[in-house]
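Residue numbers (our numbering): 1068 to 1501.
See below for the structure under consideration.
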């Protein structure tokens, strides 16, 4: 037992040293990216969701009474004058050519005024929240948006988050999501087929003016972009392809349950309280690729904040450094392993990059997480591609239960921005009135 405890402490010390070096290198680069990205290591648990629905995706319809809610913690504590603004982007997440006053009404930036201090926690923090659009800033165009939170200048952000606003002009219908039809991909890929009906909305040249983007579990790194319909009729656009609309099916997400730090939940090897706070040591994860599929229930990568130890989760949930280990006999050549899920903004975050430990023959990584329940997967990314590959660690199984999002962007002739005129989320169709 003493040897095991000593090994755990050694892992924690090594993790902390490596991550501190990585943080210094990464967080010194604060140039704004049009991505889900945290630029300040003191900013944690950055969440955006439809107000009142923390497990839903950050999507609202244009000119509706629906709003989005932003929440985040500042581990530096105190009160800061956080400002926010919005950047309109095209279908490829490049800044659009619109001026601010062409997509915003009211102020072009504003202060985040709603904050609370943590209470009864070993890690002190200030919890901030914001609801928008609001009476100070309104958004007047549909499309892709980047929320930018900063202190002095939006070009030196604290963090940035993606969200979308749609205007239902077309109907996305006949959606079929399931096992790929081609024999070569039947066991490892999912196929997403659908048609688009413009109703009364005019799209004179759809193969030129439309851009279709399909997301898997709200991941932008492996999004599919389709420009050409397979077939065009006066009333229908057909996107029933054989290969262009295939996703690696991946596997069910793994989970971290730290709603309580008083007992070890499933998959947790140990909970330690050290001089710098709580440490949660996860059990060794296993390679799932090549193993039989196990249908473990999951949240498709989501998270929710909850403490069972106190009453108010927003300000009484504590933080813990959670340590992950993935045994592998050798380091991958010209590639890196990342922890991915909503806990990393569903993107390849430098702080979520695993480091290979030659002594233990494991990939190891740590994330500081607030009490709650988290989904995650391991993805592999080479140094040239921005997409995470699930095939090496998680495997790809057609039985995997994923959620898919279909986005229809339209750039009218002569326009300088992309409207988002169609939105579909697995099981829910958002359509114009007929």
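We put the CB at the ideal spot given by N, CA and C, even for glycine.
Chain C within 8 angstroms of residue 1474, Cβ atoms only: In the displayed structure, chain C is absent; only one protein chain is listed.
Inter-residue CB distance, residue 1484 and residue 1210 (contact presumed, cutoff 8 angstroms): About 6 angstroms separates the beta carbon of residue 1484 from that of residue 1210, a gap short enough to meet the 8 angstroms contact definition.
Using the three-state DSSP reduction, which class does residue 1369 fall into: helix, strand or coil? coil
Please report the Cβ distance between residue 1315 and residue 1458, rounded to the nearest whole angstrom; I am assuming they are in contact, meaning their Cβ atoms lie under 8 angstroms. 6 angstroms
How close, in whole Å, do the beta carbons of residue 1319 and residue 1254 come, if the pair is a contact with beta carbons under 8 angstroms? At roughly 16 angstroms, the Cβ-Cβ gap does not stay under 8 angstroms, so residue 1319 and residue 1254 are not in contact.
Sequence ranges, alpha helix (DSSP H) only - wholly within the stretch 1344 to 1432, length at least 4: Secondary structure remark: continuous alpha helix (DSSP H) runs of at least 4 residues inside the stretch 1344 to 1432, in chain order: 1380 to 1383.
Give me the Cα-Cα distance between residue 1241 and residue 1444, rounded to the nearest whole angstrom. 30 angstroms
Residues that residue 1213 bridges to, as DSSP identifies them: 1154 and 1229
Rounded separation between residue 1270 and residue 1439 - CA only: 46 angstroms
State the Cα-Cα distance for the pair residue 1091 and residue 1245, rounded to the nearest angstrom. Residue placement at residue 1091 is poorly supported in this model, since its pLDDT is 40, which falls under 50; the coordinates are not used for a value here.
Distance, residue 1101 Cα to residue 1327 Cα: 35 angstroms
Short of 8 angstroms in beta carbon distance, which residues of its chain neighbour residue 1429, apart from the five on each side in sequence? Order them along the chain. These residues qualify, in order along the chain: 1351, 1392, 1393, 1394, 1395 and 1423.
Give me the residue from 1183, 1125 and 1156 with the minimum Cα distance to residue 1144. 1183
Determine the contact status of residue 1338 and residue 1232, defining contact as a CB-CB distance below 8 angstroms. Against a cut-off of 8 angstroms, the Cβ pair of residue 1232 and residue 1338 comes out as no contact.
contact_flag[the stretch 1328 to 1335, the stretch 1282 to 1289] where n(CB pairs < 8 angstroms) is 3 or more: Verdict: no, contact absent.
Answer yes or no: do residue 1419 and residue 1411 have a C-beta to C-beta separation smaller than 8 angstroms? yes
So, at 8 angstroms on beta carbons, what are the nonlocal neighbours of residue 1261 in its own chain, with the 5 sequence-adjacent residues on each side left out? 1239, 1240, 1241, 1242, 1243, 1306, 1307, 1473 and 1491
8 angstroms contact criterion, which residue 1386 and residue 1435 should meet: CB distance rounded: About 6 angstroms separates the beta carbons of residue 1386 and residue 1435, which is inside the 8 angstroms limit, making them a contact pair.
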